[in-house]
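Note that the numbering used here numbers the sequence shown so that position 117 is 119, with each residue one more than the last.
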Amino acid sequence: MGRGMLGALALTTAATLAVAGCSGSGSSSSGSSGTAARGGALVVADDSQPLSGLDPIMAQAFNAKRMVAQFYEGLLALDTDTTTLKPAVAESWKQVSPTEYEFTLRKGVTFHDGTPVKATDVVFSLKRIVDPKTHSPYVSLYTFKDVKAVGEDKVTITLKEPQASLLHLLAQPWSAGIVSEQWTKSKSENERKTQENGTGPYKLAAYQEGSLIKTVKFAGYWDKPKPGFDAIDYRLIPDESTRVQALQSGSVDMTQVKLPKNVEALKRRGINVGPTHNVGSYWLGMNAAQGPLANEKVRKAISVGIDRQQLIKIGSQGVGELAGIVPPADPLGAAATADFPNYTYNQAEAKKLLAESGAKDVKLTVALQSEIPEILPTAQLMKQQLSEIGIELEIKQLPFGQLVGNLLSGKWNADMIQLTAALNADASQYLALWFAKGIPSTKIDDPKLWQMMSDAVTKAKDDAERKRMYAEINRYVAERVYMVVPYAAPIAYDVWGPKLKKFEADPSGTRIFLKNS
């Protein structure tokens, strides 16, 4: 589910889809000083290829967002502070009324196949997100009443109600990426997973499953003289130690690392290390609609029966911190505190709650992503902790596609689903993934929470008020234990060698500013 899945899944997540804690970062977020490199090729080592494919409105996985960010763009974009909006496919916009926006398209923007971007392509792209037939994980984020072309270069969006999150959502390359109507309709769902036709700085040259993704500079890119490199090769190197060695030897120019010990080692060697962005809440979504977790006291017993400080020490190697569903490092997020409801470790209280629940021989399953081995130790430690209060936990590892498919279909096949948050374009995304009213993935029935979520989007006067509202939502979710969040920590750290003369690592970790290098 990437501020503003799921990040997203979060994320994302991110998704995929995972918050302060680590005080020191290597070089600053802008990396080395100097003029951006021009020409040449860059080699990037990635731990995985796009699990959910290259279709922007389906790019829920973190590794898919990384690639989509190179190929596609939204009407708007985020500046390097990741909060300020700036033009992209649209050269300007204005809010006509609380529920109507008008966008004027930039002249001369073309898709990678050379066809010009038309207002009808924008209308198609946005309506496609909310079309039930597409099954986009972003459908619940939008409140479109109508989207229409009002001229060759103008598009209006009319909302059902005011939506403070709209512009930030339209600024992320995933979920709101502009696609060619003709091209998209001509391709099958499977073809769209390994092919692309965006307006972004790079275009796809070759997609070698399980090996390599080759991209080349899009000569027709509107934001000249960007991008800086003529080509970027993304090599698949799943093992982190191998990626680190490749970076140190110079055989690759850039990668991402997840283990804090590797980060510290690279800093000591003078390698450029991006800043610490603690956005990865370790989410344990609860099926509160059926089974043992429909009992609130069982959920509370779990929450007070896990030792979060021990989980931080082991699961995040000490760099994590207490968190809620909206990660602390999100511009609208805040760290959880020890006085959060049901956050204080109390084994005796957990056993008492379990006894009061009336539940006998509680056996639970948690499903987590098999492609991310770093998340397993946290689950294993929780299994041990819960066994001490009388709860048996079975851990199931599933491929990301299957895990997210289970979540979105509502057929969880588990009592809990674990995902790790990624920075989203807007804080509403974190909540919508798990708790949006009327979608299959939602396993609660709580009109009060739905009203709180709606108010944070439609009634807040400014970001300060929205931040306060999301802090209240974090506490409300913790009080009812609709989700257990042991901690939040960095998802990954960007690290790079001397070939990148200027690179700004962004909190989403998706390298959306790589075109500036």
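The beta-carbon is built from N, C-alpha and C at its ideal position, and this holds for glycine as well.
query                                                                                                           : result
Identity of the residue in Val254, Leu168, Val91 nearest Gly179 by Cα                                           : Val91
Cα-Cα separation between Lys162 and Phe146, rounded to whole angstroms                                          : 6 Å
First and last residue of the uninterrupted alpha helix (DSSP H) at Trp185                                      : 183-188
Neighbourhood of Leu295 by C-beta, 6 Å cutoff - its chain only, sequence neighbours within 5 removed            : Met288, Asn289, Arg301, Asp417
Meets three-Cβ-pair contact criterion under 8 Å: the region 143-157 and the region 395-413                      : no
Buried versus exposed call for Thr339 [16 or more other C-beta atoms within 10 Å across all chains shown]       : exposed
Which of helix, strand or coil DSSP assigns to Tyr478                                                           : helix
DSSP state of Leu238 mapped onto helix, strand, coil                                                            : strand
Touching by the beta-carbon criterion (3+ pairs, under 8 Å), the region 493-506 and the region 194-210          : no
Reference Phe126; option with closest CA among Asp363, Thr444, Gln184                                           : Gln184
For Val149, the residue or residues it bridges with in DSSP                                                     : Ile159
Three-state class that DSSP yields for Glu176 in the structure shown                                            : It should be pointed out that residue 176 corresponds to Trp in this sequence rather than to Glu. Three-state DSSP puts Trp176 in coil, outside helix and strand.
Three-state class that DSSP yields for Lys195 in the structure shown                                            : helix
Closest by C-alpha distance to Leu516, when choosing among Ala233, Gln210, Lys362, Trp452                       : Ala233
Outcome for Gln292 when other beta-carbon atoms lying within 10 angstroms are tallied against a minimum of 16   : exposed
Helix, strand or coil at Leu378 according to DSSP, with G and I counted as helix                                : helix
Status (buried if at least 16 other CB within 10 Å, exposed otherwise) for Lys260                               : buried
Anticipated Cβ contact below 8 Å, Lys156 with Ala121, distance rounded                                          : 6 Å
Euclidean distance between Cα positions of Asp225 and Ala352                                                    : 57 Å
Coarse secondary structure for Thr460, derived from DSSP in three states                                        : helix
Whole-Å CB distance - Gly322 paired with Tyr489, under 8 Å assumed                                              : 4 Å
Of the residues Arg468, Tyr432, Ser456, Leu168, the one placed nearest Val487, counting alpha carbons only      : Tyr432
Spatial distance of Asp115 from Asn199 (CA atoms)                                                               : 7 Å
The region 269-284 / the region 331-338 touching (three or more Cβ pairs under 8 Å)                             : yes
Other residues of its chain near Thr512: CB distance less than 7 Å, five sequence neighbours each side excluded : Gly4, Lys67, Arg68, Ala71
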